[in-house]
Amino acid sequence: MDMEPTIKTEMLGDKNRNNSNICLTVELCVVCGDRASGRHYGAISCEGCKGFFKRSIRKQLGYQCRGNQNCEVTKHHRNRCQYCRLQKCLACGMRSDSNSSATPESFHLSPSHASMEDDVSMDSAHTGTELNDALTTARDKQLISKALDTMARVQCLNGTNINALTNEEKCFDYDGPILQEQNMAFNLLIPGPVPPYLNIHYICESGSRLLFLSIHWAKNIPAFQYLSSETQIALLKNCWAELFTLGLAQTSQSLSLPTILSALISHLHASIARDKMSAVKVKQVTDHIVKLQDFVTSMNRLHVNEKEYAFLKALTLFSSDQPDMLMKKPIERLQEKSFQGLRHYLATNFPEDTDRFPRLLLCLPPLRAVESNIIEELFFASLIGQVQIDSVIPYILRIGNSVSASSNNRAVKTEHLDEFLCK
1 MDMEPTIKTE MLGDKNRNNS NICLTVELCV VCGDRASGRH YGAISCEGCK GFFKRSIRKQ
61 LGYQCRGNQN CEVTKHHRNR CQYCRLQKCL ACGMRSDSNS SATPESFHLS PSHASMEDDV
121 SMDSAHTGTE LNDALTTARD KQLISKALDT MARVQCLNGT NINALTNEEK CFDYDGPILQ
181 EQNMAFNLLI PGPVPPYLNI HYICESGSRL LFLSIHWAKN IPAFQYLSSE TQIALLKNCW
241 AELFTLGLAQ TSQSLSLPTI LSALISHLHA SIARDKMSAV KVKQVTDHIV KLQDFVTSMN
301 RLHVNEKEYA FLKALTLFSS DQPDMLMKKP IERLQEKSFQ GLRHYLATNF PEDTDRFPRL
361 LLCLPPLRAV ESNIIEELFF ASLIGQVQID SVIPYILRIG NSVSASSNNR AVKTEHLDEF
421 LCK
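Numbering-wise, the sequence shown is residues 1 to 423 according to full-length UniProt numbering.
Here is the structure:
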């Protein structure tokens, strides 16, 4: 069985050349957006970022930023600031203890495409030897992927998850759109009345409603319903903080998010005065609040609409990067459907803005820097104490269908969740 790429883009050849389209399927580097050659050091990346990360880690190079440590890292500007480039490599999941070779699960290039390499933008650091090695590796990936797929199936049959293959095939049979019109709406019911001073309980109640709405949204995606309950729980445990952050950005105006974040900072400094939290911990949490604000600001600057948010959430939800994910193949297929759905929507509705697609995709890597334990500290600590959100997710999925919605089914109430969290 051929391994399908997780995220890919198509580059069409000149239609005037022999009056035909030439199609090359490649992936995007999560660090700079250039053409990726596979998964290196744990992240899908190009040869340039792979080599840069390798040199930086092995030689233990120390870099300094001449700006304010938020320099743009793109295909054309990645060499301007080595410090910010290394930080983005780490934020995107590159690790020194990961296998540095490209994995077969995320790259496919047939030998017939080798003659097209002159037309594709390549990293300036590529030498002839590196290019030949990359093409040779790519030609072998299909055989390797088949072997790994067979090994994975044998492991499933030898273990306790014999039904996983049946569920996997069922998921592959899903031919509908990844998102339907009813999956685009995301309307948060703000708790009222809004107090003149935003206390921590109001903030936590707003957070619990947003968490519930995010999980309720995911549960109503038709493709998500094809998955087993175990896989649904695993996916949400893996990405709930990222979905929550996207929801914060989407509802930032109705939530008055800047006011909420300011109130959280005031609460943290009050905790220092009461000796409830160390200054080091407060700084860590405060820095995370600043990251949240920066992310929300960047999303607002792009004027992301509800349909684009829905596709970004789907890309985040259907992520198969967990090492123990049993249904990796169907999850990859669903993420691919999400990718294609976003690209089709943008091509149809923003045909002149060709840069919008990569700009939206580059909004996703910063989400990996979101720490779920800090989100719990900020929005849920006063409600659930030491209870982790991971333990709440199965309950929310279980009661999702029984919770009442508003009359137009566009805003979800969360009394059941609040009752559970306040126990």
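All C-beta atoms, glycine included, are put in the ideal place defined by N, C-alpha and C. Quantities reported herein were computed from a predicted structural model and do not represent experimental measurements.
Per-residue burial, residue i [other beta carbons within 10 Å of its own, 16 or more giving buried]
| i | result |
| --- | --- |
| P358 | exposed |
| T316 | buried |
| R95 | exposed |
| L61 | exposed |
| S145 | Residue confidence is low: S145 scores 47 on pLDDT, short of 50, so the model does not pin down where it sits. No coordinate-derived value is stated. |
| A234 | buried |
| G192 | exposed |
| P330 | buried |
| R35 | buried |
| K283 | exposed |
| D223 | Looking at the sequence itself, residue 223 is Ala, so the reference to Asp does not match. Counting Cβ neighbours within 10 Å, A223 comes out buried, since at least 16 surround it. |
| G207 | buried |
| T348 | exposed |
| A314 | buried |
| S391 | exposed |
| G48 | buried |
| F53 | buried |
| A218 | buried |
| T231 | buried |
| S338 | buried |
| E332 | buried |
| E376 | buried |
| F380 | buried |
| S124 | Any reading at S124 needs caution, since the residue's pLDDT is 39, under 50, leaving its predicted position unreliable; the model's value is listed next. By the 10 Å Cβ count, S124 comes out exposed. |
| S229 | exposed |
| S278 | exposed |
Expected contact under 8 Å - CB spacing of residue i and residue j to nearest Å
| i | j | result |
| --- | --- | --- |
| S214 | L243 | 4 Å |
| A263 | L198 | 4 Å |
| T245 | L346 | Rounded, the Cβ-Cβ distance is 22 Å, inconsistent with contact. |
| Q64 | C84 | Not really, about 10 Å apart at Cβ, beyond 8 Å. |
| F311 | L361 | No, F311 and L361 are not in contact; Cβ-Cβ is about 10 Å, not under 8 Å. |
| C46 | P365 | The Cβ separation is near 14 Å, so there is no contact. |
| T286 | I265 | 6 Å |
| A227 | M327 | Residue 227 is actually Leu in this sequence, not Ala. 7 Å between Cβ atoms; contact. |
Chain-order list of residues whose beta-carbon lies under 7 Å from that of residue i (same chain, five-residue window excluded)
| i | result |
| --- | --- |
| T74 | C32 and G33 |
| S110 | Residue placement at S110 is flagged as unreliable, the pLDDT there being 36, under the threshold of 50; the coordinate-derived value follows with that caveat. So no residue of the chain qualifies. |
| Y309 | F186, L246 and Q250 |
| S56 | L86 |
| F350 | R356 |
| I178 | A223, A314, L334, K337, S338 and G341 |
According to DSSP, residues forming a beta bridge with residue i
| i | result |
| --- | --- |
| R343 | In DSSP, R343 forms no bridge with anything. |
| I44 | R39 |
| L28 | R35 |
Neighbourhood of residue i by C-beta distance below 8 Å, restricted to the same chain and skipping five residues each side
| i | result |
| --- | --- |
| K50 | S37, H40, Y41 and S100 |
| V296 | L248, A249, S252 and L257 |
| K237 | D390 and I393 |
| I260 | L198, I203 and S206 |
| G176 | P222 and A223 |
| Q225 | K219 |
| N300 | A249 and S252 |
Proximity below 9 Å, CB of residue i to CB of residue j
| i | j | result |
| --- | --- | --- |
| G247 | F186 | yes |
| R81 | R58 | Per the sequence shown, residue 81 should be read as Cys rather than Arg. No, Cβ-Cβ distance for C81 and R58 is not below 9 Å. |
| H267 | I190 | no |
| H288 | I374 | yes |
| K291 | V370 | yes |
| C363 | V304 | yes |
Cut-off 6 Å between Cβ atoms - residues of its own chain near residue i, not counting five sequence neighbours on either side
| i | result |
| --- | --- |
| S372 | A241 |
| I44 | E27, V30, A36 and S106 |
| R78 | C32 and R85 |
| M184 | E306, K307 and A310 |
| K88 | V31 and V73 |
Below-9 Å beta-carbon distance, residue i vs any chain C residue
| i | result |
| --- | --- |
| I399 | Included in the structure is just one protein chain, with no chain C present. |
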